[in-house]
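Under full-length UniProt numbering, the sequence shown has 97 at position 97, and the numbering climbs by one with no breaks. To start, the structure itself, in structure tokens.
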Amino acid sequence: MKRYELIMHSPEETMHLASRFGEQLKAKDVITLEGDLGAGKTTFTKGLAKGLGVRKTVSSPTFTIVKEYKGRLPLYHMDVYRLEDTMEDLGFDEYFHGDGVTVIEWAHLIEPQLPPERLNIYLFHHGNDERKLVIEPIGERYEQLCKGILES
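Okay, structure coming up:
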């Protein structure tokens, strides 16, 4: 499995990269976002949304678990941080196998419920304004997606 490590020098650069991913996403794609608090998980999701043609302002779903946005494809933005102590089935499969793209912040908390193939993205503080992104494609679909965006 190939891993990509990138340094982003601004939130705008992070959003631009994420937008490029958003333009290529398909129904049933699942992206997990992990990393430091304030490192840009929601910023990355805003870029994905832009690439998907979402016009509504994207914000963190911290207190609602899931926010849905309409674009070229539906975007399901999840923040499962508050589910740390529960393993009950909350119907995530309906999103993962539905007609949209699912983005999950703090996805490690629902690891057993995640699909086996997905795009894992880790965001870390790297200096004052920079962020380090580690992108891990799991499965052929995501390997090709990364190759097309990150190796071109």
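Using N, Cα and C, we set each Cβ at its ideal position, and we do this for glycine too.
Whether residue i touches residue j by CB criterion (8 Å)
i	j	result
Ile149	Gln24	yes
Arg3	Ile135	yes
Ile104	Thr57	no
Neighbourhood of residue i by C-beta distance below 7 Å, restricted to the same chain and skipping five residues each side
i	result
Phe124	Gly35, Asp36, Ala39, Arg131 and Lys132
Glu94	none
Gly100	Ala27, Leu73, Pro74, Leu75 and Tyr76
Ser10	Asp129
Proximal residues to residue i (C-beta, below 6 Å), its chain only, five neighbours per side dropped
i	result
Met87	With a pLDDT of only 49 at Met87, under the threshold of 50, the placement of this residue in the model should not be trusted; the figure read from the coordinates follows. Nothing meets the Cβ criterion.
Arg72	Leu52 and Gly53
Ile138	Glu117 and Arg118
Among the options, the one whose alpha carbon lies nearest that of residue i
i	options	result
Pro27	Glu105, His126 and Lys70	According to the sequence shown, residue 27 is Ala rather than Pro. Answer by Cα proximity: Lys70.
Tyr142	Pro115, Pro74 and Gly98	Pro115
Met1	Ser152, Glu151 and Glu140	Glu140
Gly98	Glu151, Asp29, Ile7 and His9	Asp29
Thr102	Gly127, Glu68, His126 and Asn128	Glu68
Ile7	His126, Ser152, Lys147 and Gln144	His126
Chain D contact for residue i (CB, 8 Å cutoff)
i	result
Leu145	Although the question refers to chain D, the structure presented lacks it and comprises just one protein chain.
Close Cβ partners of residue i (< 8 Å) along its chain, the five nearest in sequence each way excluded
i	result
Met15	Thr43, Phe44, Lys46, Gly47 and Lys50
Contact test: residue i Cβ vs the ligand HEM heavy atom, cutoff 7 Å
i	result
Glu5	The ligand HEM is not part of this structure, which contains no ligands at all.
At least 3 beta-carbon pairs within less than 8 Å: the region 36–43 vs the region 111–120: The answer is no - the region 111–120 does not touch the region 36–43, with fewer than three Cβ pairs under 8 Å.
Minimum length 4: unbroken alpha helix (DSSP H) runs contained in the region 13–47: List check, alpha helix (DSSP H) in window: nothing returned.
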